[in-house]
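Student:
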Amino acid sequence: QKEVEQDPGPLSVPEGAIVSLNCTYSNSAFQYFMWYRQYSRKGPELLMYTYSSGNKEDGRFTAQVDKSSKYISLFIRDSQPSDSATYLCAMSANNYGQNFVFGPGTRLSVLP
Amino acid sequence: EPEVTQTPSHQVTQMGQEVILRCVPISNHLYFYWYRQILGQKVEFLVSFYNNEISEKSEIFDDQFSVERPDGSNFTLKIRSTKLEDSAMYFCASSGPYNEQFFGPGTRLTVL
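Protein chains in written order, with the working numbering: chain S, 1 to 112; chain B, 1001 to 1112.
#1: Okay, do the segment 66–86 of chain S and the segment 1027–1045 of chain B touch, 3+ Cβ pairs below 8 Å being the bar?
#2: Return the first residue and the last residue of the beta strand (DSSP E) that B:His1010 is part of.
#3: Using a Cβ-Cβ cut-off of 8 Å, state whether S:Gly43 counts as contacting chain B.
#4: CB B:Gly1106 to CB S:Gly43, shorter than 8 Å?
#5: Round the Cβ separation of S:Pro14 and S:Arg107 to the nearest angstrom and send it over; I've been treating them as touching at under 8 Å.
#6: Which chain S residues are close to B:Pro1105, counting only those with a beta carbon under 8 Å from its beta carbon?
#7: Establish whether the CB of B:Gln1011 and some CB of chain S are separated by less than 8 Å.
#8: When the Cα of S:Ser69 is compared with those of S:Cys23, S:Val19, S:Lys2, which residue comes out closest?
#9: Nearest CA to the CA of B:Ala1093: which residue from B:Asp1071, B:Tyr1035, B:Glu1018?
#10: Compare the Cα-Cα distances from S:Thr86 to each of S:Lys2, S:Glu3, S:Val19 and report the closest residue.
#11: Would you call the CB atoms of B:Phe1075 and B:Phe1032 closer than 8 Å?
#12: Between B:Phe1061 and chain S, is any beta-carbon pair separated by less than 8 Å?
Structure below.
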């Protein structure tokens, strides 16, 4: 079993739709969970940073963590064509200076 | 807004040559990282650096790789003798006391 798994997509949705992106993981030591957005041939851009289980909202983005199921989600409300990118989940066990383990990414296309 | 910068944006080299990739992390950050992403694949951790020494490294980071912080602002990755399979995007990242890692735009390394 891979350490972090994501559906690679591509996921195509119409503009304005609610998008749900998900990751599963196997290492129960992970406590810190991040979502990054990556445009083609660019660096990952940090969207959300969460600790342990629960929800966190920031504008149109909501991150959810369910540690008991080893499952995290990112919801995008009112999706826009500019949201078209690859979304990467990443996670780590500690809060300082530890490398992230990334998922392979989900490619999202928001159609106008 | 502070950001991580990387130079060059694209480096082409011959197999067996040495390359140095340069990064300027966010100025008050304490932890520095190098990741790589082979085209179409996931982001992979190479090395983390704190307090002027390597704190963690992956299996990818073998004797051909080295990192250095030669002054108060730059953070470099050296590949001593490049191989074809070193062709990838190399991302530098930095974080403060909490593990929110901010990534640079990347250097695309092409080994011929």
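C-beta atoms are modelled at their ideal positions from N, C-alpha and C, and glycine is treated no differently.
Tutor: For this structure:
#1: no
#2: 1010–1013
#3: yes
#4: yes
#5: Incorrect: roughly 16 Å between the Cβ atoms, too far for contact.
#6: Lys42, Gly43
#7: no
#8: S:Cys23
#9: Checked all of B:Asp1071, B:Tyr1035, B:Glu1018; the closest Cα to B:Ala1093 is B:Tyr1035.
#10: S:Val19
#11: yes
#12: no
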